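In our numbering, the protein residues as written are 950 to 1400.
Worksheet: one structure, shown below.
In structure tokens form, the structure reads like this:
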């Protein structure tokens, strides 16, 4: 005899399970009543398969079914959405602290050429050497100062100055530095200004941190400027000492040549030729010195290095034409090629030309050294503050309305997904239980028939 549990939990499955169990129970009752009339287990199995197939066909899902299904569980969805709304309100108004943003606007230091131009004007054709390398590489000078603001040294100074390891509750300086950088933003705008934005939970500390960045930038700029000027002055000191020795040696050679040949002064034409040649040679030597200095911090592909090489090649070609070519027959041209100078004064001419070359080069190196000393002595370019950071009165975050709205929407979506997933899981479990129950009932029916 087969017993069917009418009050089984399976019978409580929604919609699709009630019809299936009712159909199955009817089939089993018919099998018990008509077992003697020729109904066997195969017939019962066919009936159950037909019911199962009918149930599967009725499981098609479309948008209307989903909406109806969600409406059936509207109470659970409303409860879940309300819980998410309350959680968003608690998070936005009671857990998250308000954030304040302070902003400082500065104008990057501008190069002061006033004092340098007084000396550069005396250098003639070499006037561009003093400041030619100051602007290499960067399209926007503000980018360099933005990089300095984000340096590790400035961050460490600010961390120590404001005790940020205690404020941020960090045990390592590295973590406090990362936290400071995440709360700081530096922007080089197209108008040439630099914007320093600092976020903090304390409005007073946010303004103090933004202004502290300006102080640290000024100190770093001063150190870098003094170091660069000192290196430039030391370079020209060494070159000036070498050139002084070369000038003394050239003067001694010229004196010995004068004593040997008895020549004290050449004609005006020869003197003019020697001066022109000496001037060009001095310019070539000065540019070679400048090129060697550029190579100490840049490669040969640097635009400044390429410009200096082109100028050296041009002046060497000019020197070669002056030494070897015939003079042009233009009115008023009194220059004489070096090859046309009388042979008796050729040795004297060479010594005199070498002495004049070293003399002019020594003068040029002296002026360059004076420029480097002036840059070392003067203070670094002043950082002009357009707007000091003031204590912010309004918070910049968090946006509480957005947080509450996001939590509410997320709660609604997750609740709907949870309801659908739970019922899909129950459907899968119910199908498995129905299959097992059908197998047991079929087995009992077969035993009943054989008995």
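Virtual Cβ for every residue (Gly too), placed ideally from N, Cα, C.
Keep in mind the model is a prediction, meaning the values are calculated, not measured.
Mind the definition here: the segment 1159-1173 touches the segment 1113-1130 only if three or more C-beta pairs lie below 8 Å; say whether that holds.
no
Out of 1396, 1026, 1368 and 1351, which has the shortest C-alpha to C-alpha gap to residue 1038?
1351
Pairwise C-alpha distance: residue 1362 and residue 1151
36 Å
Going by DSSP, name the residue or residues bridged to residue 1136.
1144
Is it buried or exposed for residue 1188, if we count other Cβ within 10 angstroms and need 16 for buried?
buried
Residue 1025 beta carbon less than 8 Å from that of residue 1364:
yes
Measuring CA to CA, which of 1135, 1027 and 1308 is closest to residue 1094?
1135
Would you call residue 1194 buried or exposed, if buried means 16 or more other Cβ atoms sit within 10 Å of its Cβ?
exposed
Look up residue 1346 in the DSSP assignment and say whether it is helix, strand or coil.
strand
For residue 1239, which of 1048, 1313 and 1205 has the nearest alpha-carbon?
1313
Distance CB(residue 1349)-CB(residue 1104) smaller than 8 Å
no
From 1391, 1139 and 1346, pick the residue whose C-alpha is nearest to that of residue 1047; which is it?
1346
Between the C-alpha atoms of residue 1266 and residue 1303, what's the straight-line distance to the nearest angstrom?
19 Å
In this structure, what does DSSP give as the bridge partners for residue 1054?
1144 and 1336
Straight-line Cα distance separating residue 1206 from residue 1221
20 Å
Check the DSSP bridge columns for residue 1049 and list the partner residues they point to.
1149
Flag this pair as yes or no: are the beta carbons of residue 1344 and residue 1049 separated by less than 8 Å?
yes
Please work out which residues of its chain come closer than 6 Å, Cβ to Cβ, to residue 938, disregarding the five sequence neighbours upstream and downstream, and give them in chain order.
Nothing in the structure corresponds to residue 938, since the chain is present only between 950 and 1400.
Can residue 1052 and residue 1338 be called in contact, C-beta distance under 8 Å?
yes
Report buried or exposed for residue 1173, applying the criterion of at least 16 other Cβ atoms within 10 angstroms of its Cβ.
exposed
Using DSSP with H/G/I as helix, E/B as strand and the rest coil, what is residue 1376?
helix
Quick one: Cα of residue 1369 to Cα of residue 1023, how far?
12 Å
Does any heavy atom of the ligand ZN sit closer than 7 Å to the C-beta of residue 1239?
Questions concerning the ligand ZN fall outside what the structure shown contains, since it holds no ligand whatsoever.
Would you decide whether residue 1015 is buried or exposed? Buried here means 16 or more other CB atoms lie within 10 Å of its CB.
exposed
Could you have a look at residue 922 and say whether DSSP puts it in helix, strand or coil?
Given that the chain is displayed from residue 950 to residue 1400, the structure contains no residue 922 and the question cannot be resolved.
Checking 8 Å against the spacing of the C-beta atoms, do residue 1310 and residue 1192 come in under that value?
yes
Mapping DSSP to helix, strand and coil, what is residue 1250?
coil
What's the gap between the Cα of residue 1066 and the Cα of residue 1320?
Its pLDDT being 48, under 50, residue 1066 is placed unreliably by the model, and the measurement read from it follows with that caveat. Their backbone Cα atoms lie some 9 Å apart in a straight line.
Could you have a look at residue 1353 and say whether DSSP puts it in helix, strand or coil?
helix
Does the beta-carbon distance from residue 1357 to residue 1013 come in below 8 Å?
no
Once the 5 residues before and after residue 1196 are set aside, which same chain residues still bring their CB inside 7 Å of it?
1307, 1308 and 1311
Residue 917 and residue 1119: beta carbons closer than 8 Å?
The question about residue 917 has no answer here: the residues shown for the chain are numbered 950 through 1400.
Alpha carbon to alpha carbon, how far is residue 1300 from residue 1247?
36 Å
Close Cβ partners of residue 1371 (< 8 Å) along its chain, the five nearest in sequence each way excluded:
none
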